[in-house]
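Heads up: take any position in the sequence shown, counting from 1, add 4, and you land on my numbering.
Beta carbons: idealized from backbone N, C-alpha and C, even for Gly.
Each remark here refers to the structure printed beneath this line.
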Amino acid sequence: MFFNVIIFLFIAVGGGLGSSWYMIEKGSRFTTRVSGPWVAWTAAGRPDADPYTRAHFTRRGMLPVSSALAYTFEARTDNEGQSLFSTCEYLIEGDEPGATFWSLAVFDDKGGLIPNPADRHSFNSATVMRGHTGRLDVVLARSARPGNWLPTGGAGRLALVLTVEEPRDPGNTGVIVRADQVSMPSIRRLGCN
5 MFFNVIIFLF IAVGGGLGSS WYMIEKGSRF TTRVSGPWVA WTAAGRPDAD PYTRAHFTRR
65 GMLPVSSALA YTFEARTDNE GQSLFSTCEY LIEGDEPGAT FWSLAVFDDK GGLIPNPADR
125 HSFNSATVMR GHTGRLDVVL ARSARPGNWL PTGGAGRLAL VLTVEEPRDP GNTGVIVRAD
185 QVSMPSIRRL GCN
């Protein structure tokens, strides 16, 4: 009988801790919006944010921008679901997000900037070079590439962060849209060393 109580308590505590970790780290369909590999916490930075959203950003030591003003999307995998690694080369491509301003940055797995001789860590709607197609294309790679290149060095696992301020309707109506209506670029692995 005593052994059954111990097992029950172990399962209850373990299950509670495990489900709490999952909700804080990954979220759920009630706390996040997913678009391919991109994830946005929909109540980030808001006074009415749920406890899991608050714990998510507290655990990471981040001060989120209010989702009433901007959405911050994070990707740790490519479109095939493979983790992003600095030993691989990736192409981030698609339509530019319809927004007042957007920025795309690459970080190491712990959220730190990746040291590089070019001192390049991000592009935004004012600094990205646009081709004749008007589509977004940024390459992540260890060594220099022509065009929009973000160096990944020897960082190991990577995280991409796309912040979209005042996302607008792609039909140029000027209407601010929800996180699940933002046009997100794809992340395609080109090869690995």
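Below 7 Å CB to CB, which residues in the same chain sit around residue i once its five sequence neighbours on both sides are set aside?
i, result
"P41", "A79, T81, D82, N83 and I191"
"L117", "F111 and H125"
DSSP beta-bridge partners for residue i?
i, result
"F111", "A163"
"S147", "Partner(s): none; S147 has no beta bridge."
"P155", "A145"
"E78", "V43 and V165"
"I96", "V142 and I191"
"A103", "P171"
"T128", "Before going further, note that residue 128 is Asn rather than Thr in the sequence given. Answer is S107."
"R37", "A44"
"S87", "T81"
Mind reading off the beta-carbon distance from residue i to residue j? Whole number of angstroms is fine, and I expect it under 8 Å.
i, j, result
"T76", "A44", "6 Å"
"E170", "L73", "7 Å"
"F89", "L162", "7 Å"
"S23", "G49", "Not really, about 24 Å apart at Cβ, beyond 8 Å."
"Q86", "R193", "6 Å"
"P101", "V168", "5 Å"
Taking just the CA atoms, how far does residue j sit from residue i?
i, j, result
"T57", "R139", "32 Å"
"T36", "M188", "15 Å"
"F61", "M5", "42 Å"
"G157", "A122", "11 Å"
"P51", "A159", "35 Å"
"A148", "W106", "23 Å"
"L21", "C196", "36 Å"
"A103", "V186", "9 Å"
"D54", "A47", "7 Å"
"R63", "G115", "12 Å"
"F7", "F14", "11 Å"
"V142", "I11", "52 Å"
"L95", "G151", "12 Å"
"P119", "F34", "36 Å"
"V9", "D113", "40 Å"
"G19", "G65", "25 Å"
Ordered along the chain, which non-local residues of its own chain (more than five positions away) have a Cβ less than 6 Å from that of residue i?
i, result
"A198", "The chain is shown only over 5 to 197; residue 198 falls outside these bounds and no answer can be derived."
Might you give, ordered along the chain, the residues of its own chain that have their beta carbon closer than 8 Å to the beta carbon of residue i, omitting 5 neighbours on each side?
i, result
"S126", "S107, L108, A109, V110 and L154"
"R124", "W153, L154 and P155"
"G31", "V43, W45, Y56, T57 and H60"
"G198", "Outside the shown range of the chain (5 to 197) lies residue 198, about which nothing can therefore be said."
"N128", "F105, W106, S107 and L108"
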